[in-house]
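Heads up: the structure comes next, in structure tokens.
There are 2 protein chains.
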Amino acid sequence: MAGYIAFDSAQALEYVKNLGEFFAKDAVLNCYEFGDGNLNLVFRVEDQQGHSVIVKQALPYARCVGESWPLSLDRARIEASVLNRHGAVCPNHTVKVLHQNDTLALTILEDLGHLAILRGELNSGSTFPALGRDVATYLASTSFYHSDFYLSPAEKKALVSEFINPDLCAITEDLFFDDPYRQAERNNYPSALSSEVAKLQQNAALKLAVAKLKAKFFSSPQTLLHGDVHSGSIFVDANNTKLIDPEFGFFGPIGFDLGSFIGNLLLNYLAQNGRVSSVPKRRDLHTYLLSTIHQTLDVFQARFAALAHSHTRDLSLQSQGYIEYFLREVLKDAVGYCGTELVRRTIGLAHVSDIDGITDEQKRLQVQTQALFLGQQLVLNADKCESKEDFYQLLLSLLQ
Amino acid sequence: MAGYIAFDSAQALEYVKNLGEFFAKDAVLNCYEFGDGNLNLVFRVEDQQGHSVIVKQALPYARCVGESWPLSLDRARIEASVLNRHGAVCPNHTVKVLHQNDTLALTILEDLGHLAILRGELNSGSTFPALGRDVATYLASTSFYHSDFYLSPAEKKALVSEFINPDLCAITEDLFFDDPYRQAERNNYPSALSSEVAKLQQNAALKLAVAKLKAKFFSSPQTLLHGDVHSGSIFVDANNTKLIDPEFGFFGPIGFDLGSFIGNLLLNYLAQNGRVSSVPKRRDLHTYLLSTIHQTLDVFQARFAALAHSHTRDLSLQSQGYIEYFLREVLKDAVGYCGTELVRRTIGLAHVSDIDGITDEQKRLQVQTQALFLGQQLVLNADKCESKEDFYQLLLSLLQ
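Protein chains in written order, with my numbering: chain A, 1 to 400; chain B, 1001 to 1400.
This is the structure we're talking about:
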């Protein structure tokens, strides 16, 4: 941490001014912090003409419920490097890095303030017709171009090493795969769910399936993941979809990002049961969310396959049928990871406002019960999903 | 390569003398080079009382059939580091490192000259009752203690990075998984095998299975492998089994080492058909080799399971049934990699003296045909081997 200091607004403003890259020399700048302050400082620096940039600085700890959790500043380097690499192959859907300072754990990013965070938009019932297509395009492009299909083995091995991210991976390892499946202090659920949670924690088949997913998370460096594709990491408007915040990035299983995203759509789907009382309105939202899931898988598989069929460098991986086999395995993984996202967002440490924001306690509890059921069933049946159609059938049978 | 020079015998002697660690101050030392000179220099430094050490130095290239292949000197660091790590958990079966100099790409090792290289011993019909048990003990111990079962995620990730070994992995990637399955200059087989090779190279199911094995070799860092467990990397006598030469070490799939070893036993099994004309003698050798394969799998699975059941650190991987599931997957991988070893040793660049040393051309060709058949069938049927018994049944049906 030599050379590191956590900035206040004045220091962030001064830093940007001194760079002399983003504003006119005589611009009158204003700066304010607006992050949630849990993991990072986030400043907006703006001039009086409405131009602005974002200054994001990592803090050396995570302030989580009731505890302070030391966290490597190296995640700022990783986040900026993932954005640069993902931006190089999918510029349309990756927030742009304007400047990077690893010593200060600081990144300057384009300001996406004209867009809105997806989670809030979905919670308020907005829909975005291109969302599935755009996120799938991002996931297919970024995952293909950092996979063994495309990279030379030497490049890939060097990148795996560059993106070793133990602190942030440990958070996922604990919160996704450990805590919810055993009594853990960090778990967080209403006592009314206790008997359901107890059953879950005694379900040997479920815990075996989760162990397989965790083992893959440990040791399946298929590509450079974003690592945290939830609805709070996506900025949207009618014409734009931008991924932000890949500080959890590392080389892991492709299905993890895909499953996390679909999991967040499903959490919102269930949450609408407790949010929207108008039946037609709710049906419309449900239809939209399911069609977005279809769009996501359709576009992801089609785009990944198209890239792989035309740009696979490795001779052996060009073998007939391998790409299709690989995508089937990615789908199974995605369904499994999707299930773990539903479970951990319901009874683990970090919840989603989609559900927690349901004011009626009974309705909220009902949604939580549904999410816990759906999550477990997806984990348990993931391996049976040989195709998208299998997954849709499974989903429909579980959502009834 | 700054500071590196390739030693001659006088320089190797001088280096050892100057260390002052291994011999009496006034000892009269003698030194000679006796390696095959393809990849490394290997010197023996000895005094007049019969004490000796081995000095092994990496060359910056590999002299392979008709070409010079530049090769990172970093493999000397990797080899010594693998030996140190493997020796720490399995001292009985790992050659001892006495000194390491990464700048000179040089390692001083205990002299195992009182033992013999396994391949030559098997070729001359010797048997070693503890061979399977010892190699299995080595493989189970070294693979368990460097796996996600045992290491903390942060330790494991750091080690994966430390043992990134692109140059040597590339050799395996090319020679095991690419060359034999397509027309490649480096392939080496008699023209009488051409039609069999052409069929092999057009077998889509086989190439798909090989692609899956290659993908796992790329991206399944389960443990710190030896990376080159063939009969030439094992020193033996009646009471000792010592693994040497892990310069191909990296974090890869556990089944790779296991399959390579079994593959070498099977190559010798087939070679005996062309080496030994006495039916009872041949039957005895066959019985010995098959029982060594049984012993290897029995002891490997039992020992890995015992370690995992009592020393697994990871909470999730302790889930009921996970260890057994994991070992089933390792077995399938091992059968597949075993098959690729048979294929590549028959038609690829690097052959084995077990077969090439058969003087009668017709007999040799017959053995090569058998090895090619067995290798392909093992690759094609590996996924059906849910248990050791399934594998033995498969093997017996193929060896008839």
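Glycine residues also receive a C-beta, built at the ideal position from the N, C-alpha and C atoms.
Interface criterion not met: the Cβ of B:D1047 is under 8 Å from no Cβ in chain A.
The Cβ-Cβ distance between B:G1321 and A:A88 does not fall below 8 Å. Counting of Cβ neighbours within 10 angstroms places B:N1030 among the exposed residues, the total staying below 16. Per DSSP, the unbroken beta strand (DSSP E) holding B:S1052 starts and ends at 1052-1058. Taking 8 Å as the CB threshold, B:V1097 stays off the interface with chain A. For A:Q320, the neighbours in chain B by C-beta distance under 8 Å run, in chain order, A1204, K1207, L1208. The residue from A:G255, A:L365, A:N273, A:L112 with its alpha-carbon nearest to that of A:G125 is A:N273. Contacts with chain B (Cβ-Cβ distance below 8 Å) from the region 168-201 of chain A involve C169, A170, E173, F177, D178, Y181, R182, listed in chain order. In this structure, A:R44 and A:G113 form a Cβ contact; the two beta carbons are roughly 7 Å apart against a cut-off of 8 Å. Non-local C-beta neighbours of B:Q1048 in its own chain, meaning closer than 7 Å and more than five positions away in sequence, comprise V1028, ordered along the chain. For B:C1031, the enclosing beta strand (DSSP E) starts and ends at 1030-1033.
Your pair A:G255 and A:E341 does not check out as a contact, with CB atoms roughly 11 Å apart and the cut at 8 Å.
Considered as a whole, the region 1207-1276 of chain B harbours 1234-1236, 1241-1243 as its complete beta strand (DSSP E) runs of no fewer than 3 residues, in chain order.
Under the Cβ criterion (8 Å, minimum of three pairs), the region 214-228 of chain A does not count as touching the region 1227-1240 of chain B. Neighbours of A:L372 in chain B, taken as residues at a C-beta separation under 9 Å, are lacking, since the least C-beta distance is about 18 Å. Distance between A:L208 and B:I1054, taken at the CA atoms: about 48 Å. For the region 297-325 of chain A, the set of residues with a beta-carbon nearer than 9 Å to any beta-carbon of chain B comprises D314, L315, S316, L317, Q318, S319, Q320, G321, Y322, Y325, in chain order. It is roughly 40 Å from the alpha-carbon of A:V367 to the alpha-carbon of B:V1330.
Just measuring C-alpha positions, the residue of A:N123, A:L289, A:D148 sitting nearest A:L131 is A:L289.
The criterion of a C-beta distance shorter than 8 Å is not satisfied by A:K384 and A:L297. An exposed status is given to B:P1280, since fewer than 16 other beta-carbon atoms sit within 10 Å of its beta-carbon. Residues of chain B with a Cβ closer than 7 Å to the Cβ of A:S219 are, in chain order, D1148, S1220, P1221, Q1222.
With a 10 Å radius around the Cβ and a threshold of 16 neighbouring Cβ atoms, B:Q1202 comes out exposed.
Burial state of A:K56 is buried, judged by a 10 Å Cβ sphere holding 16 or more other Cβ atoms. The residue among B:T1142, B:P1153, B:E1173 with its C-alpha nearest the C-alpha of A:S152 is B:E1173. Sequence-distant Cβ neighbours of A:S143 in its own chain, meaning closer than 6 Å and more than five residues away, are T223, I254. Residue environment: A:G252 is assigned as buried (16 or more neighbouring CB atoms within 10 Å of its CB, all protein chains considered).
Nearest neighbour of B:A1136 by Cα position, chosen from B:L1106, B:Q1301, B:S1277, turns out to be B:Q1301. Taken residue by residue, none of the region 265-298 of chain A has a beta-carbon sitting less than 8 Å from a beta-carbon on chain B. Within its own chain, the residues whose Cβ lies closer than 7 Å to the Cβ of B:L1115, once the five positions on either side in sequence are excluded, are F1235, V1236, D1237, N1240, K1242, listed in chain order.
At a C-beta separation below 8 Å, A:A350 has no neighbours in chain B, since its nearest C-beta there lies roughly 18 Å away. Selection B:A1371, B:F1149, B:G1232, B:L1122 evaluated against B:L1270 yields B:A1371 as nearest (Cα-Cα). Rounded to whole angstroms, the gap between the alpha carbons of B:A1306 and B:A1012 is 44 Å. Shown here, B:R1044 sits in a strand according to DSSP, grouped into three states.
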